[in-house]
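To start, the structure itself, in structure tokens.
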Amino acid sequence: MSEEFNVLTVCTGNLCRSPLAELAIAQRFAEVCEIRVHSAGTRAALGHRTPEEVWEIAGFMGVIEGRAVHARQVDEDLLGAADLVLTMTRDQRREVVELNPRIVRRTFTIREISSLAAVTRDEDIVTEGAVPTADRATRLRAAVEAAGRRRSRRRNLTLPAHDDVVDPYGCSRDIYALSALQLAPAVEGVSVLFQRALNLGEGE
1 MSEEFNVLTV CTGNLCRSPL AELAIAQRFA EVCEIRVHSA GTRAALGHRT PEEVWEIAGF
61 MGVIEGRAVH ARQVDEDLLG AADLVLTMTR DQRREVVELN PRIVRRTFTI REISSLAAVT
121 RDEDIVTEGA VPTADRATRL RAAVEAAGRR RSRRRNLTLP AHDDVVDPYG CSRDIYALSA
181 LQLAPAVEGV SVLFQRALNL GEGE
């Protein structure tokens, strides 16, 4: 069996933002068996139901088939097993890194890595050791490392709010729509980075 590339999406309650990101990324790469996507919450709303508004905006994000979401609490083991951790806010990024400091280089807010993907080149990924003949999981990890190197060069050129996806839980449908408008392009940016890494091996 091919080596896996594990993605963990994280929000607060694991009811709205992180499940949507999980489902959207998983659907986008459903045919790439190496990519496994999971989600969790920093303060998971265990036993709570996913709000109906989440499924209403899922279609906007291209999620065709939804499924029941069972919130789970993020922990050190989940984080340690992830090749990429995508949080919805900077505060969540700080929380998970404090929980498992070893993941700092592979933890980003989802909007942050989306913006970094736009300036990460194929040459950057290859520099990280992802030669075209490498397996897909290795190329994906190299893409994450390349984005991390771009982050260290970028420093803090964006406002904190630009890296966060607003939490819609308990809010109006307008806030759910705003959250989706922030999350959907970020998922697309992550997908572009993944696809760039996967394409490195095509035709070899």
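First residue of the sequence shown? That's 1 in UniProt numbering, and the numbers climb one at a time after it. Note that beta-carbon positions come from the ideal geometry of N, C-alpha and C, so glycine has one too.
Is the beta carbon of residue i sitting closer than 8 Å to the one on residue j?
i, j, result
"residue 96", "residue 74", "yes"
"residue 142", "residue 193", "no"
"residue 54", "residue 20", "yes"
"residue 89", "residue 37", "no"
"residue 78", "residue 7", "no"
"residue 25", "residue 191", "yes"
"residue 151", "residue 200", "no"
"residue 163", "residue 196", "no"
"residue 57", "residue 186", "no"
"residue 109", "residue 94", "no"
"residue 72", "residue 183", "no"
Could you spell out where the alpha helix (DSSP H) holding residue i opens and where it closes?
i, result
"residue 193", "173 to 199"
Taking the alpha carbon of residue i as the reference point, which residue from the options has its own alpha carbon closest?
i, options, result
"residue 27", "7, 64, 51", "64"
"residue 103", "72, 144, 126, 190", "144"
"residue 176", "60, 22, 31", "60"
"residue 39", "33, 23, 31", "23"
"residue 15", "167, 100, 94, 182", "167"
"residue 213", "82, 127, 180, 30", "Outside the modelled stretch of the chain, which goes from 1 to 204, sits residue 213, for which no answer is possible."
"residue 101", "80, 119, 178, 179", "80"
"residue 30", "182, 125, 47, 62", "62"
"residue 120", "57, 149, 33", "149"
"residue 198", "58, 126, 106, 56", "126"
"residue 76", "186, 173, 10, 181", "10"
"residue 48", "183, 13, 17, 33", "13"
"residue 3", "98, 18, 135, 188", "135"
"residue 33", "123, 173, 51, 137", "137"
"residue 51", "170, 178, 174, 188", "170"
Does the ligand GTP have even one heavy atom less than 7 Å from the beta-carbon of residue i?
i, result
"residue 55", "Looking for the ligand GTP in the displayed structure turns up nothing, as the structure carries no ligands at all."
| query | In chain order, which beta strand (DSSP E) runs of at least 3 residues are fully inside the UniProt domain "Phosphotyrosine protein phosphatase I" (5 to 136)? | reply | 5 to 11, 35 to 41, 84 to 87, 107 to 109
| message | Does the structure place the stretch 108 to 118 close enough to the stretch 29 to 49 that three or more beta carbon pairs sit under 8 Å? | response | no
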